[in-house]
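Protein chains in written order, with this note's numbering: chain H, 70 to 523; chain S, 50 to 459.
C-beta atoms are modelled at their ideal positions from N, C-alpha and C, and glycine is treated no differently.
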Amino acid sequence: MRQTCNSDGGVGSTENVQARGITLLSIFVDTPTAEPNPETKLLADFKTDTHLSKVYLAGREYLNKEGQTSVSPLIGKIMQQICTDPTLCPEYPSSFGLPEFTRRATELVLGRDCHAIVENRVLGVQTVGCTGAVRLGAELLKHWYNVSGVWCGPVYLSSPCDDSLAGIFEAAGIQDVRRYRYWDTEQRGVGVQKMMEDLEMAPEQSVIVLSASAHCPTGSDLSQKHWRLLTQLMVRCRFFPFFLLPAQGLCHGDFQQDAWPVRLCASLGMELLCAQSFSHSFGLYGERVGHLLCVLKQSSTLLAVQSQAEKQVRALWSRPSVRGARVVATVLSNPAHHVEWQEGVKSMVERGILVRERLREKLRLLGCPGSWDHLIQQGGLYCCTGLNVQQVEFLEKRRHIYLHPNGCLNPQFCLAAPPGSLQRQHTPKLAVWLCLSTHRIICVSCLRSPLPSL
Amino acid sequence: MSLFGEVPQATPVAVFKLSNDFKEDPNPMKVNLGVGAYRTDEGQPWVLPVVKKVEKLIVADNRLNHEYLPILGLPEFRSSASKIALGEDSPAIQENRVGAVQCLGGTGALKMGAEFLRRWYNGNNNMKTPVYVSAPTWENHNSVFANAGFKDVRPYKYWDTEKRGLDLAGFLGDLETAPKHSIFVLHACAHNPTGTDPTHVEWMQVAEVMKRRKLFVFFDSAYQGFASGCLDKDAWAVRYFVTQGFEMFCAQSFSKNFGLYNERVGNLTIVACDADNVRRVLSQMEQIVRVTWSNPPSQGARLVAITLNTAELFAEWKDNVKTMADRVLLMRASLQAKLQALGTPGTWDHITQQIGMFSFTGLNPKQVEYMIKKRSIYLMASGRINMCGLTTKNIDYVAKSIHETVVNVQ
């Protein structure tokens, strides 16, 4: 049966339509075309770009040496096992997902001996990726945060942040979404002072969305010293922390360190939410393996919150899909697998650091102005070059190199760039250096001169 | 002081509670007639043979990766899933006015449709558009639409308790008096929980009123193939509405007919009057998906797409589906025959007249309680039983229990 994908595009046959008495005025006639989100637009522009040496550096995934996403042999083997396991039945999982998965995901973040776990005041829910976890957390907050008052915000997001975050909270009915300053362009790092200033002004009981490690999209994180200061502020102002942990282990190569801010808050007896993803650390992007962690102050509230979370899940997607979570649970429950997996994650981190170091070195050799140390100070999937909007646009339009509009890129994609010719151009006001070495690294530098009009 | 300190306990989801109580019951004769999933004659869940086959193909295929699917899902899944609902030679497909969104099961498809309608249908962000769900219906219909923001979710007359059949007059009456542009959630086949579907003539009458009163058609199709054993027969209503020129949504689930309960394979099929409308609707659907689950899971969709798009596998699947449907029909016939043989008071023809997984037995709440407490036979308070819970081994016990209950408890 030949199937063709015909769900978008093309013009219908009006005569046939009329002959069947179909109204020509659609009930959807007033539905506007949605604004494409920045990432989709960037990728679409890249795809239609016909330039031979075009490079896309804004990808969301970790890439292997061949420049592709892959799963480790361990994961591949476990998938095979699962596929042929006769004891596994295709039943509906609970709305909370696989118990073994939520247990291990919780322990991974908080540590097995965390008081909150021992005192039974932790709720774990398997979700459809990190997005699903944030959405479920947002729904929980909207419906149940501070029942005696009518709460609908504010929620504070870092500036910049993942560009779907604001929309997720809005979709859950929380309209009051604000920003705190985070990335400091001059310092090329986290502007802690400005961040604290903004949060000092936030109303009590605000929800603060914080990146535990490997901040998206800048890759810049707070130091432990600054985390301590921030948590003091949060306790004092009665803020509610909502952590994002999309790549635990992939920032420092150390699972404890990457989750440290969450553990700190838990140890201080704070209530918190934490949205986790296992996409990057397992290479299981398509399987959508996420987890929402909720730490409560009292175990007496657990059952009630759990029952309400179940209700929310029922109305969102009913139950999560099982396959990816099963793989993760299998690895995390088996000590030997766990160790092997952690080693794999560590080598991914080492590769990432190597790429960043090469990039910085190359820029230094080219005599690129400014300091590029921030490239290696940042961690995780992304790095923020510090290039401004015009410079990023120049790279896209003139050099066919695609970065995220805020100057952030995924260094892994540098290594994956297809080979191209050497191009080095000087212009009086602006020099953009492109160097495709035998190691296939792309280096970019811009002089601090006024840009020509594009 | 916890900020969640005053969160009240939610009422437990009835069917989950029933399953839990069943699990904890030590009676060796216990029977679970509440579960909403297929069971073999051994009382076990069934991995369809074609599914096992395709899973192995997927695992062995090196070209398949684990990357994010596109936001709207796997293209070959979306188009083949829509073809299953609408028919391969559907005029809507040929006229290029069908779109689809891969979703997390039937629930996800309903959710996406509901979110879209709340934002863009009948004005902008109009939460007051009435949403009608059948009385009774799958209880999650209410939650999904309410959580999507609709303030006015109402029942439409459907089940006639005395007649033990469709209340057509009531149904048509509610269609006539519903405010224009109201949304109606229709069960494409194998109505849950009553197992009672309109006949073709009755569907035609429903369609006539809906077209005249400009009501929105939102089909929920969770049992295609499972009801009669034939995919096309089970899709008759959906396809009829298309020929009548309706624009509509159809939420499809592949949980039951593929036995893929835990991979959450669903599809929201969108039929509009032309391709441009489809395009705009899909662009908005993308935005909605982005803030819900970002990208759907790949495994189940891949499996279904490979099956639907490969001739031999498609044939094998249809055969597997027929196996399940046939077993259900056999259990219906057996139960009805046994009750008649026992001389159980009342008529029991509705058991064989109803279709799909479920049967509304007509047992009242007291009788249901008796069945659970005294006979360890678990069914929903509404009297709904899942025919798949019956096996050749337990059917005698169940029949005798129903008999005893009806005789002793009024």
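Residue environment, residue i, which counts as buried when at least 16 other CB atoms sit within 10 Å
i	result
Glu-164(S)	buried
Arg-425(H)	buried
Pro-98(S)	exposed
Arg-112(S)	exposed
Arg-257(H)	buried
Leu-337(H)	exposed
Ser-347(S)	buried
Leu-401(H)	buried
Ser-490(H)	In this predicted model, Ser-490(H) has a pLDDT of only 32, less than 50, meaning its place in the structure is not dependable; the value taken from the coordinates is given anyway. By the 10 Å Cβ count, Ser-490(H) comes out exposed.
Glu-419(H)	exposed
Val-414(H)	buried
Thr-287(H)	buried
Ser-368(H)	exposed
Leu-434(H)	exposed
Ala-405(H)	exposed
Gly-172(S)	exposed
Asp-460(S)	Residue 460(S) cannot be examined here, being either before or after the span of chain S that is shown, 50 to 459.
Asn-369(S)	buried
Gln-93(S)	exposed
Residue-chain proximity (residue i, chain H), Cβ-Cβ < 8 Å
i	result
Tyr-117(S)	yes
Glu-225(S)	no
Asp-323(S)	yes
Glu-257(S)	no
Leu-391(S)	no
Tyr-170(S)	yes
Gln-72(S)	It is Lys, not Gln, that sits at residue 72(S) in the sequence shown. So no, Lys-72(S) is outside the interface.
Glu-361(S)	no
Trp-342(S)	yes
Gly-122(S)	no
Ala-271(S)	no
Ala-386(S)	no
Leu-52(S)	yes
is_contact[residue i, chain S] using C-beta, thresh 8 Å
i	result
Lys-98(H)	For the record, residue 98(H) in the displayed sequence is Val; it is not Lys. Yes, Val-98(H) lies at the interface with chain S (some Cβ there is under 8 Å from its Cβ).
Gly-206(H)	no
Met-417(H)	no
Gln-367(H)	yes
Glu-465(H)	no
Met-339(H)	no
Gln-345(H)	no
Leu-361(H)	no
Ala-384(H)	yes
Pro-389(H)	yes
Beta-carbon separation (whole angstroms), residue i vs residue j, contact threshold 8 Å
i	j	result
Lys-229(S)	Phe-220(S)	Their Cβ separation, rounded to whole angstroms, is 18 Å, which puts Lys-229(S) and Phe-220(S) out of contact at 8 Å.
Ala-141(S)	Val-287(S)	Between Val-287(S) and Ala-141(S) the Cβ distance is about 10 Å, and since that is not below 8 Å, they are no contact.
Pro-159(H)	Val-84(S)	Not quite, the Cβ-Cβ distance comes to about 13 Å (not below 8 Å), so this is no contact.
Thr-372(S)	Leu-135(S)	That belief does not hold up - the Cβ atoms of Thr-372(S) and Leu-135(S) are roughly 25 Å apart, past 8 Å.
Glu-130(H)	Glu-116(S)	7 Å
Coil, strand or helix - residue i by DSSP
i	result
Met-264(H)	helix
Asn-196(S)	helix
Ala-218(S)	helix
Phe-53(S)	coil
Ala-390(S)	helix
Cys-152(H)	helix
Phe-312(H)	strand
Met-406(S)	coil
Lys-415(S)	helix
Trp-169(S)	helix
Arg-88(S)	coil
Tyr-181(S)	strand
Val-358(H)	strand
His-236(S)	strand
Ser-139(S)	coil
Residue i: contacting residues in chain C (beta-carbon distance under 7 Å)
i	result
Ala-86(S)	The chain inventory of the structure shown lacks chain C, comprising the protein chains H and S.
Checklist entry - Taking a cut of 7 Å between CB atoms, which residues from the segment 151-163 of chain S lie near chain H? => result Residues Leu-153, Gly-154, Thr-156, Gly-157 and Lys-160.
Checklist entry - In the segment 298-324 of chain S, which residues sit with their C-beta less than 7 Å from some C-beta in chain H, listed in chain order? => result Cβ contacts with chain H come from Gly-308, Leu-309, Tyr-310, Asn-311, Glu-312, Arg-313, Ala-321, Cys-322, Asp-323 and Ala-324.
Checklist entry - Using a Cβ cut-off of 7 Å, which residues of the segment 78-102 of chain S contact any Cβ in chain H, in chain order? => result Along the segment 78-102 of chain S, going in chain order, the ones with a CB nearer than 7 Å to a CB of chain H are Ala-86, Pro-94 and Val-96.
Checklist entry - What are the residues of the segment 176-208 of chain H that lie near chain S, defined by any Cβ-Cβ distance shorter than 7 Å? => result Within the segment 176-208 of chain H, the qualifying residues are Val-197, Gly-198, Thr-200, Gly-201 and Arg-204.
Checklist entry - In chain order, what residues of the segment 116-146 of chain H put their CB closer than 9 Å to some CB of chain S? => result Against chain S - using a Cβ distance shorter than 9 Å - the residues of the segment 116-146 of chain H are Arg-129, Glu-130, Gln-137, Thr-138, Ser-139, Val-140, Ile-144 and Gly-145.
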